[in-house]
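Visitor:
Numbering (our numbering), first residue to last: 124 to 304.
1. Between the region 137 to 155 and the region 164 to 172, do three or more beta carbon pairs fall short of 8 Å?
2. Tell me, please, which residues DSSP counts as bridged to residue 260.
3. What is the C-beta distance between residue 129 and residue 231, in whole angstroms, given that I count them as a contact (C-beta under 8 Å)?
4. Could you tell me if residue 252 is buried or exposed, where buried requires 16 or more neighbouring beta carbons within 10 angstroms of its beta carbon?
5. Mapping DSSP to helix, strand and coil, what is residue 141?
6. Quick one: grab the DSSP three-state call for residue 196.
7. Quick check on residue 275: does DSSP put it in helix, strand or coil?
8. Check each candidate in 290, 211 and 196 and name the one with the smallest Cα separation from residue 180.
9. What's the C-alpha gap between residue 272 and residue 183?
10. If we ignore side chains and look at the alpha-carbon of each, how far apart do residue 286 and residue 160 end up?
11. Contact defined as beta carbons within less than 8 Å: I believe residue 267 pairs with residue 260. What is the distance between those atoms, to the nearest angstrom?
12. Here's a check: name, in chain order, each residue in its chain whose Cβ is nearer than 6 Å to the Cβ of residue 223, leaving out the five neighbours to either side.
Printed below as a string of structure tokens:
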């Protein structure tokens, strides 16, 4: 819904350049900014918990896959992978949609800058508070952008590498203890 409204405002700016169009766009952008803030208040904590749950489940599955390779049944692995896949895809879609809204808002910002530079009479109509870009966050802990996905992926990969190193270190210590006997 937010994405379609931002696209509507962008289309308005591209089609018309009059004062009435700019006032309508300014009002719509103000309402959209307020809507984004309300979205963050309502969905910030659930998104945070979804991201935490997904990350912790991934870490748990990686750790248990490394430690319990022999003891785990194939059916359980398939069920676990399919469930975590659903959570990962859901989380990914949330991040991508929020990032798409941010891109539309940035394009609107640049369109307004172009209009402001071309027409000196309209500079008074274009209010600077309209330029406040929306920010999506997970309970104000981190922003919901595509870059955050890569940061999370980097953390997960680091965790897996540390688990592998610790597992191999434990095997080496175990082998040395057996050879001493």
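Where a beta carbon is used, it is the ideal one built from N, C-alpha and C, also for glycine. Note that the structure is predicted; figures quoted are calculated from it, not measured.
Guide: So, from the data block:
1. Too few Cβ pairs lie closer than 8 Å, so no.
2. Reading the chain shown from its first residue, position 137 is the one you call residue 260. DSSP, once it has assigned bridges, lists 266 as partnering residue 260.
3. Here residue 129 refers to the residue found at position 6 of the chain shown. Here residue 231 refers to the residue found at position 108 of the chain shown. Between the beta-carbon of residue 129 and that of residue 231 there is about 7 Å, and that keeps the pair under the 8 Å contact cut.
4. Taking the chain shown and counting its residues from 1, one reaches residue 252 at position 129. Any reading at residue 252 must be qualified, since the residue scores a pLDDT of 48, below 50, and its modelled position is unreliable; the value itself is stated next. Exposed, by the Cβ-count rule.
5. As a first step, residue 141 is located in the chain shown; it is residue number 18 there, counting from the start. Residue state, collapsed to three classes: coil.
6. Against the chain shown, residue 196 aligns to sequence position 73. It is coil, neither helix nor strand.
7. Here residue 275 is taken as the residue at index 152 of the chain shown, counted from 1. It is helical.
8. As a first step, residue 180 is located in the chain shown; it is residue number 57 there, counting from the start. Just measuring C-alpha positions, the residue of 290, 211 and 196 sitting nearest residue 180 is 211.
9. The residue given as residue 272 occupies position 149 in the chain shown. The residue given as residue 183 occupies position 60 in the chain shown. Going by the C-alpha atoms only, they are around 19 Å apart.
10. Taking the chain shown and counting its residues from 1, the one referred to as residue 286 is at position 163. Taking the chain shown and counting its residues from 1, the one referred to as residue 160 is at position 37. Going from the Cα of residue 286 to the Cα of residue 160 covers about 39 Å.
11. Position 144 of the chain shown holds residue 267. Position 137 of the chain shown holds residue 260. With a Cβ gap of about 6 Å, residue 267 and residue 260 count as contacting.
12. Taking the first residue of the chain shown as 1, we reach residue 223 at position 100. Hits under 6 Å: 126.
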